Amino acid sequence: EPEVTQTPSHQVTQMGQEVILRCVPISNHLYFYWYRQILGQKVEFLVSFYNNEISEKSEIFDDQFSVERPDGSNFTLKIRSTKLEDSAMYFCASSETDNSGNTIYFGEGSWLTVV
Amino acid sequence: LAKTTQPISMDSYEGQEVNITCSHNNIATNDYITWYQQFPSQGPRFIIQGYKTKVTNEVASLFIPADRKSSTLSLPRVSLSDTAVYYCLVGDNEDTGRRALTFGSGTRLQVQP
């Protein structure tokens with residue numbers, strides 16, 4: 852079964868450093884997403900991406916965050932200057948369409964610890 | 165307004181059938197109902213999706229009444245490995261206009277031996 856893959860699985864970084872989280876969405880999918888989950892809390896939507904541009908973003912996705920599809924397979928989330936409160940599990944996801952009946956598939960996540 | 169409402173937690177024993185009900189009183193005409201399972205430190209995993217009546221796959225069944233204001237995920241004969249958080253989600257969010265999925269707090273299912 853095709854799956855969304857994410858790297859790294861775990862990253863520890865110092866506050867103020869830049870972090871790039873990488874994702875390879877399912878190959879025939881056109882819509883890409885990033886979610887995050889702070890330990891013990893809900894899964895929160897960050898951003899959705901289609902046709903090389905952001906289609907939606909949440910209030911969490913501020914100027915410190917950016918997304919990019921640098922080539923035909925990767926989808927990245929960059930945090931420019933990490934803060935302690937950015938420590939969370941970050942999930943990449945993808946779907947074929949953005950219709951309500953479409954299924955979104957999630958990767959296994961990248962654990963980010965900011966110290 | 166909460167998009168979906170589910171019990172915070174449920175307990176069961178191995179071999180029992182578990183039914184988790186979710187209410188979504190404000191479900192829109194176009195909304196599908198999707199259930200995900202999440203284990204600790206893992207990504208949400210798609211379980212089942214439906215629009216109306218009943219849907220069944222190799223993992224679960226989903227019952228949706230005619231008014232679609234609620235849905236019930238049924239897990240037959242659970243095992244210890246079914247201990248997880250289960251999320252009920254509906255599609256378009258008319259409150260925020262957001263089309264991406266919005267997760268609630270989910271139902272924490274604990275299966276005992």
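Those protein sequence lines, which keep their order, are chains E and Y.
Count the first sequence with the working numbering and you get residues 852 to 966, in order.
Count the second sequence with the working numbering and you get residues 165 to 277, in order.
We treat Cβ as the ideally placed atom computed from N, Cα and C, and that holds for glycine.
These numbers were taken from a predicted model, which means no experiment stands behind them.
Buried versus exposed, by CB contacts within 10 Å (16 or more), residue i
i: E:G960; result: buried
i: E:Y941; result: buried
i: E:Y956; result: buried
i: Y:H188; result: buried
i: E:T856; result: exposed
i: Y:A230; result: exposed
i: Y:L165; result: Because the pLDDT of Y:L165 is 48, which lies under 50, any placement of that residue in the model is unreliable, and the question is left without a value.
i: E:D914; result: exposed
i: Y:Y177; result: exposed
i: E:Q892; result: exposed
i: Y:S246; result: The sequence given here places Asp at residue 246 of chain Y; Ser does not occur at that position. So Y:D246 ends up on the buried side.
i: E:S946; result: buried
i: Y:T271; result: buried
i: Y:R232; result: buried
Where the beta strand (DSSP E) through residue i begins and ends
i: E:S924; result: Careful: E:S924 lies outside any beta strand (DSSP E) and carries neither H nor E.
i: Y:V254; result: 248-254
i: E:I905; result: 904-908
i: Y:V242; result: Y:V242 -> no beta strand (DSSP E), and no H or E assigned at all.
i: E:L935; result: No beta strand (DSSP E) contains E:L935, which DSSP labels as neither H nor E.
i: E:T858; result: 856-858
i: E:F916; result: 916-919
Beta bridge counterpart(s) of residue i as assigned by DSSP
i: E:E895; result: E:R887
i: E:V965; result: E:T864
i: Y:T169; result: Y:S187
i: Y:K218; result: Y:F227
i: Y:Q206; result: DSSP, once it has assigned bridges, lists no residue as partnering Y:Q206.
i: E:V870; result: E:I930
i: E:A944; result: E:Y884, E:F957
Proximal residues to residue i (C-beta, below 8 angstroms), its chain only, five neighbours per side dropped
i: E:D949; result: Y882, S899, Y901, S906
i: Y:T168; result: C186, S187, H188, C252, L253, V254, G268
Chain-order list of residues whose beta-carbon lies under 6 angstroms from that of residue i (same chain, five-residue window excluded)
i: Y:G214; result: I197, L226, I228
i: Y:D175; result: Q274
i: Y:L265; result: L253
Neighbourhood of residue i by C-beta distance below 7 angstroms, restricted to the same chain and skipping five residues each side
i: E:G867; result: S932, T933
i: E:Q865; result: V966
i: Y:L244; result: E178, V275, P277
Taking three-plus beta-carbon pairs below 8 angstroms as touching, is the stretch 926-945 of chain E in contact with the stretch 235-254 of chain Y? Judged by Cβ distances under 8 angstroms, the stretch 926-945 of chain E makes no contact with the stretch 235-254 of chain Y, as fewer than three pairs qualify.
Counting pairs of beta carbons, one from the stretch 199-212 of chain Y and one from the stretch 173-183 of chain Y, are three or more of them closer than 8 angstroms? Inter-segment contact for the stretch 199-212 of chain Y and the stretch 173-183 of chain Y is absent: fewer than three beta-carbon pairs are separated by less than 8 angstroms.
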